Amino acid sequence: MIERKGGILVVKEWMKKQGLFRLRLYLIIMVGILVLFAMLMFIPVDLGPHDNTRMIVDQTYRIYIAPPCYEQTEVTNNLLETTFGSVVESSLQPESACTAEALSTINVTMWSALKERLFPTRWNW
Numbered sequence: 594m595i596e597r598k599g600g601i602l603v604v605k606e607w608m609k610k611q612g613l614f615r616l617r618l619y620l621i622i623m624v625g626i627l628v629l630f631a632m633l634m635f636i637p638v639d640l641g642p643h644d645n646t647r648m649i650v651d652q653t654y655r656i657y658i659a660p661p662c663y664e665q666t667e668v669t670n671n672l673l674e675t676t677f678g679s680v681v682e683s684s685l686q687p688e689s690a691c692t693a694e695a696l697s698t699i700n701v702t703m704w705s706a707l708k709e710r711l712f713p714t715r716w717n718w
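Per my numbering, the sequence shown starts with residue 594, numbered consecutively.
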């Protein structure tokens, strides 16, 4: 390394300072990542079905049915397939407690909510 004499900052000291700066920067980044990870793992959020979740509507009785509950219902053959978003906008009622329970919101961590939004499993009928 090039060294200068006479009390002027030498290249070695400059490199040491740069290394210390990088170390501090990496430490700040790592702490930030850990805080973000802790937030994802422990902060609870409410999660409900997507607006594009498939639903069955009986137009005669003006009710909607969640597909997992369809076998338990007694409906007419005047059926329509639609989405949860359009059911919410209309004045339809859930067919039974099964449908209301299947579409209820759940309290999960932010990490679980993120996984569910990226890879739907619960309301993927």
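Glycine is no exception: its CB is placed at the ideal position from the N, C-alpha and C atoms.
These numbers come from a predicted model, not from an experiment.
Counting other Cβ atoms within 10 Å of its Cβ, residue 619 stays below 16 and is therefore classed as exposed. Residue 715 sits in coil when the DSSP states are folded into three classes, being neither helix nor strand.
Annotation for residue 681: the continuous alpha helix (DSSP H) segment containing it runs 677-682.
Contact between residue 680 and residue 638 fails: their C-beta atoms lie close to 23 Å from each other, not under 8 Å. Residue pairing of residue 701 in beta bridges, as defined by DSSP: 638.
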